[in-house]
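Q:
Numbering (this note's numbering), first residue to last: 19 to 459.
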């Protein structure tokens with residue numbers, strides 16, 4: 019066993035395995051992954067002990083262990099509708115315990131913060147940089163790893179200031195280190211379990227790590243989760259050939275084979291170009307009539323000229339087939355159904371907002387995105403806004419709680435715009451806190 023960090027024992031199909039590996043891997047926690055179906059180490063393990071525990075099983079260097087849950091739940095589609103709340107909360111607490119035992123920070127150092135930022139994607143990281151640099155006591159809660167979806171992008175080529183593009187991991191890591199240096203505090207692997215406004219105009223917050231704190235203001239920058247692909251067979255192969263998102267760490271495992279990418283926007287284009295450096299052949303499945311409908315021109319040009327990438331438009335996945343691992347993807351297009359042999363399929367078909375746990379408290383649109391500022395007054399029902407003054411531009415239906423980035427209704431789904439909203443949110447936090455302080459004088 020690697021004594022430098024935990025060992026994860028499980029199968030690729032085990033619920034929770036991808037989340038555990040993602041949490042440790044993206045946060046640079048040294049660990050070993052033992053696949054019971056493929057790893058040469060598996061026969062040497064104590065199988066009787068493994069049968070007595072639930073997978074995934076995490077073994078720590080001190081001899082302790084963390085067993086998996088009977089029913090692990092992850093927010094693949096972003097929201098908790100249809101998921102029992104107690105089941106999701108139990109999974110979130112389990113992830114927080116794993117993070118703590120792996121050495122990640124999960125408990126705040128203080129009880130009161132000027133601003134609590136939820137989410138450490140481009141918007142949340144930028145908000146942390148500006149808040150900490152301007153003297154605000156700043157706490158950031160991130161459920162997985164700093165960087166968000168942008169942190170998994172192989173290359174962002176339209177971000178200003180980087181003429182040759184910049185890796186998502188590089189951009190996220192630099193901003194994260196900048197926020198830390200300026201004094202922002204980060205909690206990793208934890209989520210907000212509950213939040214309630216108090217009479218002193220703070221918000222009482224309980225975290226999945228069990229800690230409690232209060233915030234004078236807040237910024238929600240939780241972003242979006244990849245939308246699930248609802249086709250027969252897909253769910254059973256998640257982790258066994260089917261991946262949501264670019265899964266850059268898995269790209270090399272498909273060297274020399276055929277890979278399918280489902281989606282036609284920029285994230286799918288970037289993933290395809292990265293995967294095509296390893297795969298012998300890559301097929302993009304696009305529902306629309308052309309790539310140009312949702313993808314930037316520079317990506318379209320590179321994909322169309324790539325010798326190993328084939329684009330199938332007006333086409334969708336009909337079903338996925340295979341044994342223990344994905345083997346075929348049946349597609350439906352203008353000429354009917356066709357089976358494509360494939361060892362891997364990466365799904366990037368848009369996102370749904372990560373707005374779990376706020377049902378009935380914060381105003382959302384019909385698709386779950388947070389309503390802010392003037393949009394709160396566009397409908398006949400204005401009961402969501404409790405104050406005589408108008409809400410500030412990025413302010414949610416809870417005074418003092420702002421929204422930045424992709425999770426906001428009407429946002430532009432680009433990294434640069436998320437960064438801009440993150441910076442703007444802190445300017446609005448200052449305005450809100452100044453008003454509070456004046457009223458208390």
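Glycine included, C-beta positions come from ideal geometry on N, C-alpha and C.
Residue 429 to residue 161, Cα distance in whole Å?
A: Taking the chain shown and counting its residues from 1, one reaches residue 429 at position 411. Taking the chain shown and counting its residues from 1, one reaches residue 161 at position 143. One C-alpha to the other measures close to 22 Å.
Q: Looking at the structure shown, is residue 51 part of a helix, part of a strand, or coil, going by DSSP?
A: Start at 1 with the first residue of the chain shown, and residue 51 comes out as number 33. Of the three classes helix, strand and coil, the one that applies to residue 51 here is strand, per DSSP.
Q: Flag this pair as yes or no: are the beta carbons of residue 234 and residue 132 separated by less than 8 Å?
A: Counted from its first residue, the chain shown places residue 234 at position 216. Counted from its first residue, the chain shown places residue 132 at position 114. Taking 8 Å as the Cβ cut-off, residue 234 and residue 132 qualify as a contacting pair.
Q: Using a Cβ-Cβ cutoff of less than 8 Å, which residues in the same chain neighbour residue 283 once the five nearest sequence positions on both sides are dropped?
A: Residue numbering aside, residue 283 sits at position 265 when the chain shown is read from its first letter. These residues qualify, in order along the chain: 312, 313, 366 and 368.
Q: Helix, strand or coil for residue 265? Go by DSSP, reduced to three states.
A: As a working note, residue 265 is residue 247 in the chain shown. It is coil, neither helix nor strand.
Q: Flag this pair as touching only if the region 404–416 and the region 105–123 have three or more C-beta atom pairs under 8 Å; answer yes or no.
A: No, the region 404–416 is not in contact with the region 105–123.
Q: Can you tell which of 125, 141, 144 and 196 has the C-alpha that lies nearest to the C-alpha of residue 225?
A: Locating residue 225 in the chain shown gives position 207, counting from the first residue. Taking only the C-alpha atoms, the option nearest residue 225 is 125.
Q: Just to confirm, is the Cβ distance from residue 47 to residue 122 under 8 Å?
A: Locating residue 47 in the chain shown gives position 29, where the first residue counts as 1. Locating residue 122 in the chain shown gives position 104, where the first residue counts as 1. Yes, these two residues count as a Cβ contact at 8 Å.
Q: Where does residue 97 sit, in a helix, a strand or coil, going by DSSP?
A: Against the chain shown, residue 97 aligns to sequence position 79. In this predicted model, residue 97 has a pLDDT of only 48, less than 50, meaning its place in the structure is not dependable; the value taken from the coordinates is given anyway. Looking at residue 97 - three-state DSSP - the assignment turns out to be coil, as it is neither helix nor strand.
Q: Using 10 angstroms around the beta-carbon of residue 382, count the other beta-carbons present and answer buried if the total reaches 16, otherwise exposed.
A: Locating residue 382 in the chain shown gives position 364, counting from the first residue. Result: buried.
Q: Whole angstroms is fine: what's the gap from residue 154's alpha carbon to residue 136's?
A: Taking the chain shown and counting its residues from 1, one reaches residue 154 at position 136. Taking the chain shown and counting its residues from 1, one reaches residue 136 at position 118. When rounded, the distance between both Cα atoms is 15 Å.
Q: Sorted by chain position, which residues of the same chain lie with C-beta nearer than 8 Å to residue 322's C-beta, five sequence neighbours on each side aside?
A: Here the question's residue 322 lines up with position 304 in the chain shown. Result list for residue 322: 309 and 329, in chain order.
Q: Go ahead and pull the three-state DSSP assignment for residue 392.
A: Here the question's residue 392 lines up with position 374 in the chain shown. Reduced to three states, the DSSP call for residue 392 is helix.
Q: On a Cα-Cα basis, can you pick out the residue from 127, 25, 86 and 60 that is closest to residue 79?
A: Residue numbering aside, residue 79 sits at position 61 when the chain shown is read from its first letter. The shortest C-alpha separation from residue 79 is found at 25.
Q: So, are the CB atoms of residue 229 and residue 422 less than 8 Å apart?
A: Numbered from its first residue, the chain shown carries residue 229 at position 211. Numbered from its first residue, the chain shown carries residue 422 at position 404. No, the Cβ-Cβ distance between residue 229 and residue 422 is not below 8 Å.
Q: Taking 8 Å as the cut-off, does the region 292–309 touch the region 177–192 (at least 3 CB pairs, one atom from each stretch)?
A: The region 177–192 vs the region 292–309: no contact.
Q: Where residue 52 and residue 194 are concerned, what is the direct C-alpha to C-alpha distance, given to the nearest angstrom?
A: The residue labelled residue 52 in the question sits at position 34 within the chain shown. The residue labelled residue 194 in the question sits at position 176 within the chain shown. If I take the Cα positions, the gap works out to 30 Å.
Q: Check whether the region 200–218 and the region 290–299 are in contact - that is, three or more C-beta pairs closer than 8 Å.
A: Counting Cβ pairs under 8 Å, fewer than three are found: no touch.
Q: State the DSSP-derived secondary structure class of residue 313, mapped to helix, strand or coil.
A: Translated into positions along the chain shown, residue 313 becomes position 295. If DSSP states are grouped into helix, strand and coil, residue 313 belongs with coil.
Q: What does a CB cutoff of less than 7 Å around residue 265 pick up in its chain, not counting 5 residues either side in sequence?
A: Taking the chain shown and counting its residues from 1, one reaches residue 265 at position 247. If we look at residue 265 and ignore the five residues flanking it on each side, its Cβ neighbours are 364.
Q: Can residue 35 and residue 257 be called in contact, C-beta distance under 8 Å?
A: Here residue 35 corresponds to residue number 17 of the chain shown, with the count starting at 1. Here residue 257 corresponds to residue number 239 of the chain shown, with the count starting at 1. In contact: residue 35 and residue 257 (Cβ atoms closer than 8 Å).
Q: Span of the alpha helix (DSSP H) holding residue 140?
A: Start at 1 with the first residue of the chain shown, and residue 140 comes out as number 122. Where residue 140 is concerned, the enclosing alpha helix (DSSP H) stretches over 140–151.
Q: Taking buried to mean at least 16 other C-beta atoms within 10 Å of its own C-beta, is residue 290 buried or exposed?
A: In the chain shown, residue 290 corresponds to position 272, counting from 1. Label assigned to residue 290: buried.
Q: For residue 251, which option in 286, 45 and 346 has the closest C-alpha, if you only look at C-alpha atoms?
A: In the chain shown, residue 251 corresponds to position 233, counting from 1. Looking at the Cα atoms, 346 is the closest of the given residues.
Q: Leaving aside the five residues before and after residue 89 along the sequence, list all residues of the same chain whose C-beta is less than 6 Å from its C-beta, in chain order.
A: Along the chain shown, one-based indexing puts residue 89 at 71. So the list reads 105, once near-sequence residues are dropped.
Q: For residue 332, which residues from the same chain have a beta carbon less than 8 Å from its beta carbon, with the 5 sequence-adjacent residues on both sides left out?
A: To locate residue 332, count along the chain shown from 1; it is residue 314. Within the same chain, residue 332 has close Cβ partners 304, 305, 306, 307, 351 and 352.
Q: Less than 8 Å separating the beta-carbons of residue 415 and residue 380?
A: In the chain shown, counting from the first residue as 1, residue 415 sits at position 397. In the chain shown, counting from the first residue as 1, residue 380 sits at position 362. Closer than 8 Å, so yes.
Q: With a threshold of 6 Å on Cβ separation, who are the neighbours of residue 205 within its own chain once the five nearest residues in sequence on each side are excluded?
A: To locate residue 205, count along the chain shown from 1; it is residue 187. The answer, listed in chain order, is 123, 124 and 159.
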